[in-house]
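Asks: Using the numbering used here, the letters of the sequence shown correspond one by one to residues 1196 to 1588.
All C-beta atoms, glycine included, are put in the ideal place defined by N, C-alpha and C.
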Amino acid sequence: MHKISADWVCPVSSEPLENAVVITDNAGKILAIEPAEKHDPASVEMHRGILIPGFVNTHCHLELSHMKGKVDTGTGLIPFITGVVTQRNASAELIAEAIEKAEQEMLDGGIVALGDISNAPDTFATKAKGRMRYHTFLELFDFLQDAGAEKTFADGLAVYEQLELVPGSARSMVPHAPYSVSRSLFEKINAFNPKSGITVSIHNQETPPEEALFLEKKGEFLDFYGKFGISLDKFEATGQSSIYYALANMNPANRTIFVHNTLTSRANIEAAQSWSPHTFWATCPNANLYIENRLPDYSVFLDTQARVTIGTDSLTSNWQLSVLEEMKTIARYQSYVPFSALLRWATLNGAQALGFDDTLGSLEVGKTPGIVLIQGVSPDWKLGGDVSAKRLI
Ligand SMILES: [Zn+2]
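1) Which residues bound the alpha helix (DSSP H) around E1210?
2) By the DSSP assignment, the beta strand (DSSP E) with K1198 in it spans what residues?
3) Hey, which unbroken runs of the alpha helix (DSSP H) at 4 residues or more fall wholly within the segment 1358–1390?
4) Taking three-plus beta-carbon pairs below 8 Å as touching, is the segment 1438–1453 in contact with the segment 1395–1408?
5) With DSSP as the reference, identify every bridge partner of T1499, one or two as the case may be.
6) On the DSSP letters alone, give me the boundaries of the alpha helix (DSSP H) that K1346 sits inside.
7) Per DSSP, K1585 forms a beta bridge with which residues?
8) Is I1464 helix, strand or coil when you go by DSSP?
9) On the DSSP bridge list, what partners appear for D1311?
10) Just to check my reading of the structure: G1506 and T1253 have Cβ atoms closer than 8 Å, yes? What is that Cβ distance to the nearest angstrom?
11) Could you tell me the alpha carbon to alpha carbon distance between L1141 and Y1374, rounded to whole angstroms?
12) With a CB to CB cut of under 6 Å and the five nearest residues on each side skipped, what residues in its chain are close to S1260?
13) Between H1473 and ligand 1, is the CB less than 7 Å from at least one heavy atom?
14) Mapping the DSSP letters down to three states, classify W1470 as helix, strand or coil.
15) With distances taken Cα to Cα, identify the nearest neighbour of L1587 among L1578, I1569 and L1537.
16) What are the boundary residues of the alpha helix (DSSP H) that includes T1281?
17) Could you tell me the boundaries of the alpha helix (DSSP H) in which V1518 lies?
18) Do G1304 and L1170 come within 8 Å of each other at the CB atom, strictly closer than that value?
19) Less than 7 Å between the CB of V1454 and some heavy atom of ligand 1, yes or no?
20) When burial is assigned at 16 or more other CB atoms within 10 Å of the CB, is R1328 buried or exposed?
21) Classify L1289: buried if its beta carbon has 16 or more other beta carbons within 10 angstroms, exposed otherwise.
22) Could you check where the beta strand (DSSP E) with L1538 kicks off and where it finishes?
23) Pop quiz: L1302 and R1326 are said to be a contact at Cβ under 8 Å. What is the actual Cβ separation, rounded to whole angstroms?
24) Apart from the five residues on each side of it in sequence, which residues of its chain come closer than 8 Å, Cβ to Cβ, to S1494?
25) Would V1560 and V1572 be called neighbours here (beta carbons separated by less than 8 Å)?
26) Unbroken beta strand (DSSP E) runs of length 3 or more, entirely within the segment 1399–1467: which are they?
27) Quick test of the definition: if touching needs 3 or more C-beta pairs under 8 Å, does the segment 1197–1204 touch the segment 1229–1245?
28) Inspect the beta-carbon positions of A1344 and D1350 and report whether they are closer than 8 Å.
29) The alpha helix (DSSP H) spanning I1290 covers which residue range?
30) Whole angstroms is fine: what's the gap from S1436's alpha carbon to R1461's?
31) Flag this pair as touching only if the segment 1471–1488 and the segment 1266–1282 have three or more C-beta atom pairs under 8 Å; answer yes or no.
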């Protein structure tokens, strides 16, 4: 049994508690949260700081970990994708080593679960070790070529079937982004996945050219596809923002994580939330700064009660894989976002998005959420640059 206390305990599912003790069994399962005065101080492990549940990272591409520092910052999404496509090949040893190292970095930083995009089976051996809960999103794209959907799907299925699911983990087939998935491929993905109760994700409204493509069939995506010899002759602009194409082609009965949302407006959020009560919005602020040097307007997410979650994206588009660093970046650029919201985005909302809130996301009796100590938060609950996180359990 462990008894742990700190200046504050933030269960996330309820208000912060001053001078409380979290009691767990040896496996980390929470047995009780009680006032400190009920316990002999000598029996309690005391810390300065705040106890919170383990972080949930809802968006990463662990298989791209070996490309850290390879693709330039600040160029915009299209040059970035071109960099990834042309530079991702490496030896199997190098890829595997980088994946293991990246997972260790996340574990050390207090991350207990990951929503991870896979195009290939490179991460599956690491995931089979079960060191954190994983939802693997087997991601498909056919560059808007309906004729290619069948082969794309079959190739993806062959990868999907190689994933050995350890207890507590999950998987689904997912579309990459509106600008890269044909209606035919959306149909195949929907037909394959369970009809309800699972999580899917899609990259969303990350860059202005994505909007130009859907609104007017103009802009840099036409050149990008042209360069790769792909014709968009059969693609027709919808005249609406790209998210409406996703809404028209995805299944509202499943949980959907929209990822990035850099350009998402209040009207877009409201449309998605009336389309489905199971919408989540993963923000990856450091990746947005790395790739496009801009951030979403978080005020519209707060105003619409959107369930925001946090993702690190991959080491190809980030300097580290730390949910705490993502929280700090939001606090630095949009300081009106309260600590309580950032904490919920980083823990419980993420657990709910991945369907892992049965065991993770909050300090509640019966859960095994991991316990993380954060230190350096100011007395008025501001998250400055020197705040640190350490996993205790
Ligand atoms: Zn991504």
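Replies: Let me spell this out:
1) Element bounds for E1210: n/a, residue is neither H nor E.
2) H1197 to S1200
3) 1378–1387
4) yes
5) Paired residue(s): none; T1499 is not in a bridge.
6) A1344 to Y1355
7) L1568
8) helix
9) C1255 and T1331
10) 5 Å
11) The requested residue 1141 does not occur in the structure, where the chain is confined to residues 1196 to 1588.
12) A1293, I1294, A1297 and L1510
13) no
14) helix
15) I1569
16) L1272 to Q1282
17) V1518 to Y1528
18) For the chain, the structure presents residues 1196 to 1588; residue 1170 sits outside this window and is missing.
19) yes
20) buried
21) exposed
22) Run containing L1538: none in the beta strand (DSSP E); it sits in the alpha helix (DSSP H), F1534 to A1541.
23) 6 Å
24) Q1529 and Y1531
25) no
26) 1450–1455
27) yes
28) no
29) A1287 to D1303
30) 13 Å
31) yes
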